[in-house]
Amino acid sequence: MIQSIFEEVMSAPEKGHLADYIPALANQPKDLFAVYIIDEKGEVLTFGDFNVVLTLQSISKVMSFIVAADNLGIDQVLEKVDVEPTGDPFNSIVRLEVAEKGKPFNPMINAGAITVASLLPGENVEARVKSVTDFISQVTAREHSVNQEVFQSEMETAYRNRAIANYLKANDYLRGTVEEALETYLQLCSIELTTEDLAKLGLFICSDGLLLTENKSLITRKTARYTKALMMTCGLYNASGKYAATIGMPMKSGVSGGVLCTVQNGQIEHLQGRMGIGVFSPMIDEIGNSVKGMDFLQKISEHYNLSVF
Ligand code: GLN
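Printed below as a string of structure tokens:
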């Protein structure tokens, strides 16, 4: 059944557009589509180009929140960023001026993520980025690096992000300089991985931070719980509420067309219990979510009854 859902979504008429505001992402082949699902016993289901490498983009907001929260403690992170959804686009600036004290609303939008990037452990950009790639590597059991072409491309066009970072600095939310926070954030967005890695990260998060392959806890339960709540309420930009209703699983998307999804408990064919799902298809909608990715997740959520609600 899941194979036919994949094929149905794959053959649907082309919709959406590439993330062409980042020149390096405007050149991706439009028709890529990949899914990787892993359960707590290590059983997997794969479809399409699952080995293709993508950049994390906004999905990195989840990993940097985990590393910062686990390092500093949630309470210290919450002094600089809230956990409220906004209903605004991911790169919106408006609330930084009108909200009380200009505090960023949550770590899943750019304002919150740039703040969190500045709070990462390490005294310079390189060390802060490494704290996140090291964490990802612990979960995926392989090395991850920054795609320099994507990073440079983003730095050259980061007009809004730089403006956001300046507002944050003016209101005293950033550690270090504006450029350090911006560079750290954009390097994190440019970390490369595959749908297999996304699936493993999803499984790790829904397992409350337990690395099942080693039976080892890497983060606190509290950090995992906050992460899942943030993904459910803020993970899909200003479509988070809609997808909480129609799909009902904690997820995070990025403009590269990747989606990291967590299944708290369910059954998909012979896979059971907790699962992580990595999806990639680069054509995104106006809000920034993968068109085929969201379509596929919605169809499997309905068919296998995967919603947490
Ligand atoms: N690098 C992107 C940006 O900040 C990430 C955006 C995204 O994936 N929504 O513009």
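Oh and the sequence shown: position 152 is 152 in the UniProt record's numbering, straight run, nothing missing. Cβ coordinates follow ideal geometry from the N, Cα and C atoms, glycine included. All values derive from a computational prediction rather than experimental measurement.
Heavy atom of ligand 1 within 7 Å of residue i beta-carbon
{"i": "Ser281", "result": "no"}
{"i": "Cys206", "result": "no"}
{"i": "Glu154", "result": "yes"}
{"i": "Val62", "result": "no"}
{"i": "Asn238", "result": "no"}
{"i": "Asn289", "result": "no"}
{"i": "Gln272", "result": "no"}
{"i": "Gly254", "result": "yes"}
{"i": "Gln148", "result": "no"}
{"i": "Gln57", "result": "yes"}
{"i": "Phe90", "result": "yes"}
{"i": "Asn27", "result": "no"}
{"i": "Asn161", "result": "yes"}
{"i": "Cys189", "result": "yes"}
{"i": "residue 310", "result": "Beyond the ends of the chain as shown, which are 1 and 309, falls residue 310; an answer cannot be given."}
{"i": "Asn215", "result": "no"}
{"i": "Leu212", "result": "no"}
{"i": "residue 311", "result": "Residue 311 lies beyond the range of the chain shown here (1 to 309); nothing can be said about it."}
{"i": "Leu186", "result": "yes"}
{"i": "Asn110", "result": "yes"}
Nearest-angstrom Cα separation, counted from residue j out to residue i
{"i": "Ala34", "j": "Val77", "result": "34 Å"}
{"i": "Glu179", "j": "Arg95", "result": "21 Å"}
{"i": "Asp82", "j": "Gly73", "result": "14 Å"}
{"i": "Phe6", "j": "Ala12", "result": "10 Å"}
{"i": "residue 310", "j": "Leu198", "result": "Residue 310 cannot be examined here, being either before or after the span of the chain that is shown, 1 to 309."}
{"i": "Ile114", "j": "Ile287", "result": "20 Å"}
{"i": "Gln57", "j": "Ile191", "result": "8 Å"}
{"i": "residue 320", "j": "Leu182", "result": "There is no way to answer for residue 320, as the model of the chain reaches only from 1 to 309."}
{"i": "Glu40", "j": "Gly48", "result": "22 Å"}
{"i": "Val125", "j": "Ala158", "result": "17 Å"}
{"i": "Pro89", "j": "Met108", "result": "11 Å"}
{"i": "Thr46", "j": "Asn110", "result": "31 Å"}
{"i": "Asp147", "j": "Ser64", "result": "Reading the sequence as shown, one finds Asn at residue 147 and not Asp. Each residue's alpha carbon lies about 17 Å from the other."}
{"i": "Ala99", "j": "Thr213", "result": "44 Å"}
{"i": "Asp295", "j": "Thr246", "result": "10 Å"}
{"i": "Phe135", "j": "Asn305", "result": "32 Å"}
Neighbourhood of residue i by C-beta, 6 Å cutoff - its chain only, sequence neighbours within 5 removed
{"i": "Ser131", "result": "Val67, Leu120, Pro121, Gly122"}
{"i": "Met10", "result": "Phe33"}
{"i": "Arg128", "result": "Leu120, Gly122, Thr184"}
{"i": "residue 313", "result": "Residue 313 is absent from the model: the chain starts at 1 and stops at 309."}
{"i": "Asn171", "result": "Gly102"}
{"i": "Pro23", "result": "Ser153"}
{"i": "Leu210", "result": "Ser217"}
{"i": "Gly112", "result": "Val81, Pro104, Asn106"}
{"i": "Gly176", "result": "Ser118"}
{"i": "Gly293", "result": "Val259, Val279, Ser281"}
Close-in-space but distant-in-sequence residues of the same chain around residue i (CB under 8 Å, 5 per side omitted)
{"i": "Pro85", "result": "Phe105, Asn106, Thr233, Cys234, Ser240, Gly241"}
{"i": "Ala26", "result": "Leu18, Ala19, Asp20"}
Contacts around residue i, its chain only, beta-carbon distance under 7 Å, and the 5 residues preceding and following it disregarded
{"i": "Glu43", "result": "His270, Leu271"}
{"i": "Glu143", "result": "Ser137"}
{"i": "Ile93", "result": "Arg160, Ala163, Ile164, Tyr167"}
{"i": "His303", "result": "Met1, Ile5"}
{"i": "Phe151", "result": "Leu186, Gln187, Ser190"}
Beta carbon of residue i nearer than 8 Å to that of residue j
{"i": "Val53", "j": "Thr140", "result": "no"}
{"i": "Thr262", "j": "Lys222", "result": "no"}
{"i": "Leu18", "j": "Met251", "result": "no"}
{"i": "Asn91", "j": "Arg162", "result": "no"}
{"i": "Leu297", "j": "Leu201", "result": "no"}
{"i": "Leu186", "j": "Met155", "result": "yes"}
{"i": "Ile38", "j": "Ile268", "result": "no"}
{"i": "Leu188", "j": "Ala117", "result": "yes"}
{"i": "Leu32", "j": "Ser281", "result": "yes"}
{"i": "Gly273", "j": "Asn265", "result": "yes"}
{"i": "Gly102", "j": "Asp285", "result": "no"}
{"i": "Gly87", "j": "Asn238", "result": "yes"}
{"i": "Ile219", "j": "Asp70", "result": "yes"}
{"i": "residue 349", "j": "Met231", "result": "Because the chain is modelled from 1 through 309, residue 349 falls outside the range shown and cannot be assessed."}
{"i": "residue 371", "j": "Gly248", "result": "It is not possible to answer for residue 371, since the shown part of the chain is limited to 1 through 309."}
{"i": "Glu8", "j": "Lys30", "result": "no"}
{"i": "Thr55", "j": "Ser301", "result": "no"}
{"i": "Glu149", "j": "Phe50", "result": "no"}
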